[in-house]
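To get the working numbering, take the position in the sequence shown, counting from 1, and add 253.
Written out below as structure tokens is the structure these notes cover.
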Amino acid sequence: MHWLQIDVTNLDGLSDGSREIRSSGPVEGFRSGLGWIDDGDSVHIDLVLRSVSDSVEAVGEVRGKLHLSCSRCLVEYQEGFRLDVDEKFYFDPTAAELKEGYEVRDQVVNLEPMLRDVIVLSIPMRPVHTDDCKGLCPECGADLNASDCKHAKQQIDIRWAPLQSLMASQSGGDDEEVEK
Ligand SMILES: [Zn+2]
Ligand SMILES: [Zn+2]
Numbered sequence: 254m255h256w257l258q259i260d261v262t263n264l265d266g267l268s269d270g271s272r273e274i275r276s277s278g279p280v281e282g283f284r285s286g287l288g289w290i291d292d293g294d295s296v297h298i299d300l301v302l303r304s305v306s307d308s309v310e311a312v313g314e315v316r317g318k319l320h321l322s323c324s325r326c327l328v329e330y331q332e333g334f335r336l337d338v339d340e341k342f343y344f345d346p347t348a349a350e351l352k353e354g355y356e357v358r359d360q361v362v363n364l365e366p367m368l369r370d371v372i373v374l375s376i377p378m379r380p381v382h383t384d385d386c387k388g389l390c391p392e393c394g395a396d397l398n399a400s401d402c403k404h405a406k407q408q409i410d411i412r413w414a415p416l417q418s419l420m421a422s423q424s425g426g427d428d429e430e431v432e433k
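As structure tokens, this is what we get:
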């Protein structure tokens, strides 16, 4: 069986109906928007599967490394993640659907779809490789973190123009450049 498929047949027979799962392996082909996991990178799970009346609970955490694309300058960077997991796998497929949980199929809990969901939800809509990333020049596409093209200066001038003209009018309009 795949490393993320756990047989829960004997869960009820355990002293407190629970089992610890500490394991790691790849999550193949994981790609979502601006984030992805290398097929060669391992994802670690540290979970307790507990048998409750109508379902199996999976509680714990998942850790790994995401590759992200900066939404401003498009540079690729890596970021570790550590995410809480608290999900349920229902024996009844209808209950799984109604309660937005997962299904136990043939006494097997497949952690993979759950893991993918948890990781996808953690990916920022607009990842930035550093908080002060300057992004790309909308005119020439230059990486403004590395170079300073004139276009960027013009952009800033346009943005400050209203303030400059306001300041100019308050000081008697002696700034001819802004009035034009
Ligand atoms: Zn960036
Ligand atoms: Zn430019």
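Note that CB positions come from ideal geometry on N, CA and C, so glycine has one too.
These figures come from a predicted structure and were not determined experimentally.
With a cut-off of 8 Å on Cβ pairs, the region 385-405 is not in contact with the region 270-289, counting fewer than three such pairs. Pairing E356 with S308, the inter-Cα distance amounts to about 9 Å.
No residue range can be given for R325, since it is assigned to no beta strand (DSSP E) and is classified by DSSP as neither H nor E. A Cβ-Cβ distance of about 7 Å is found for the pair I298 and S277, placing them in contact under the 8 Å criterion. For the region 340-424, the full-length beta strand (DSSP E) segments reaching 3 residues or more read 355-358 and 361-363 along the chain. The beta-carbon separation of G288 and P380, rounded to 7 Å, stays under the 8 Å limit for a contact.
Within the DSSP bridge table, the entry for V315 names I298 and L336 as partners. Relative to V301, the option among L321, I372, K341 and T347 whose CA is nearest is K341. For a cut-off of 8 Å, the C-beta gap from L257 to E365 is around 4 Å, short enough to register as a contact. Rounded to the nearest whole angstrom, the CA to CA distance from V296 to E350 is 27 Å. In chain order, the residues positioned with their C-beta nearer than 6 Å to some heavy atom of ligand 1 are C323, R325, C326, V328, V381, H382 and C386.
For the set D337, V361, D359 and D370, the Cα lying nearest the Cα of E353 is the one of D370. The set of residues with CB atoms less than 5 Å from any heavy atom of ligand 2 reads, in chain order, C390, E392, C393, A395, C402 and H404.
In terms of Cβ geometry, I274 and H320 do not form a close pair [threshold 9 Å]. In the three-state scheme derived from DSSP, where H, G and I count as helix and E and B as strand, G266 is classed as helix.
Straight across, the Cα-Cα distance linking S422 with L368 is about 59 Å.
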